[in-house]
Structure formats: C-alpha cells, structure tokens
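A.B. asks: In my numbering, the protein residues as written are 11 to 60.
In this text, a Cβ means the ideal position worked out from N, Cα and C, and glycines have one as well.
Please read all numbers here as calculations on a predicted model, not as lab measurements.
(1) In three-state terms, what does DSSP make of residue 22?
(2) Would you report the Cα separation of residue 31 and residue 56, rounded to the nearest angstrom?
(3) Check whether the Cβ atoms of residue 51 and residue 26 lie closer than 8 Å to each other.
(4) In three-state terms, what does DSSP make of residue 32?
(5) Check the C-beta distance from residue 17 over to residue 48 and give it rounded, since I have them as a contact under 8 Å.
Now the structure itself:
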C-alpha cells in the first residue's frame, strides 16, 4: 500500500467513525491523531494479508 492509499483509507475510516462527529475535520486534527489512524489502516491491511 502506498502512502497516498494509506492516507486516503485513514481519512475515510476516520470520517466514517463516530469520532469524526465529535472532532475536527481530517485536515484540522493533530498529526498525532492522523498518524494513529494511518497505523490502524496499516494494521488492518496487514491482518487481511495473514
């Protein structure tokens, strides 16, 4: 998965989550939160490959 794909999937998962209704838009959340969502996407992708 490329960095762009990871970023797009992380943004989509964040926006689909209940958390996004309580928080700022993707572009405005702190980088640490975006990094957490990217890690979730990468973890999910790795689990799917197992």
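C.D. replies: Judging by the given coordinates:
(1) The sequence position of residue 22 within the chain shown is 12, counting from 1. Under the three-state reduction of DSSP, residue 22 is assigned to helix.
(2) Locating residue 31 in the chain shown gives position 21, where the first residue counts as 1. Locating residue 56 in the chain shown gives position 46, where the first residue counts as 1. Distance between the alpha carbons of residue 31 and residue 56: 27 Å.
(3) For the purposes of this step, residue 51 is taken as the residue at position 41 of the chain shown. For the purposes of this step, residue 26 is taken as the residue at position 16 of the chain shown. No; because the gap between Cβ atoms is not below 8 Å, this pair is not in contact.
(4) The residue given as residue 32 occupies position 22 in the chain shown. Three-state DSSP puts residue 32 in a helix.
(5) As a working note, residue 17 is residue 7 in the chain shown. As a working note, residue 48 is residue 38 in the chain shown. For residue 17 against residue 48, the beta-carbon gap comes to about 7 Å, under 8 Å, which counts as contact.
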